[in-house]
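Student: This structure is in structure tokens; I'll ask about it shortly.
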Amino acid sequence: MENEQLFEFMTKMYSDMKEGFKKVDDKFEKIDERFEKIDERFEKIEEDLAAVKKEVKTINNTVVRIEVEHGEKLSALFDGYKQNSDKLDRIEEKVSTHDDFILKRVFK
Numbered sequence: 675m676e677n678e679q680l681f682e683f684m685t686k687m688y689s690d691m692k693e694g695f696k697k698v699d700d701k702f703e704k705i706d707e708r709f710e711k712i713d714e715r716f717e718k719i720e721e722d723l724a725a726v727k728k729e730v731k732t733i734n735n736t737v738v739r740i741e742v743e744h745g746e747k748l749s750a751l752f753d754g755y756k757q758n759s760d761k762l763d764r765i766e767e768k769v770s771t772h773d774d775f776i777l778k779r780v781f782k
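Oh and the sequence shown: position 50 is 724 in our numbering, straight run, nothing missing.
Shown next, in the form of structure tokens:
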């Protein structure tokens, strides 16, 4: 009878172990599903990040282009201002010489 009891005990242990492994397998399947969802989310994040990098690059290129264009326009504007200032200085010198001449004539 001892062998029969040992056999029943081993059968029960085998059954319990089989059930335990099934539970472990079920948990691993759930974990695998969660990892798959996480992988999908990471792929989406990577796609979004690539799109953001592309947009930032486009924005940076636009900003650089605007800075260059505005720099050229400001340079032209300051050149015009300088030319007007030089012209006014020359006119002022001429008027000053005429003022001296007129004052000498009037107060003579």
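Positions of the beta carbon are idealized from the N, C-alpha and C atoms, including for glycine.
Measuring straight from C-alpha to C-alpha, what distance separates Lys747 and Lys731?
Tutor: About 24 Å.
Student: To the nearest angstrom, how far is it from the Cα of Leu751 to the Cα of Thr771?
Tutor: The straight-line gap from Cα to Cα measures roughly 31 Å.
Student: Could you name each continuous beta strand (DSSP E) segment of 3 residues or more that falls completely within the region 694-775, going from the start of the chain to the end?
Tutor: None, since the region 694-775 contains no complete beta strand (DSSP E) of that length.
Student: Could you tell me the alpha carbon to alpha carbon distance between Arg708 and Gly694, rounded to whole angstroms?
Tutor: Taking the straight line joining both Cα atoms gives about 21 Å.
Student: Can you tell me the Cα-Cα spacing of Glu710 and Lys692, whole angstroms?
Tutor: Their Cα atoms are separated by approximately 27 Å.
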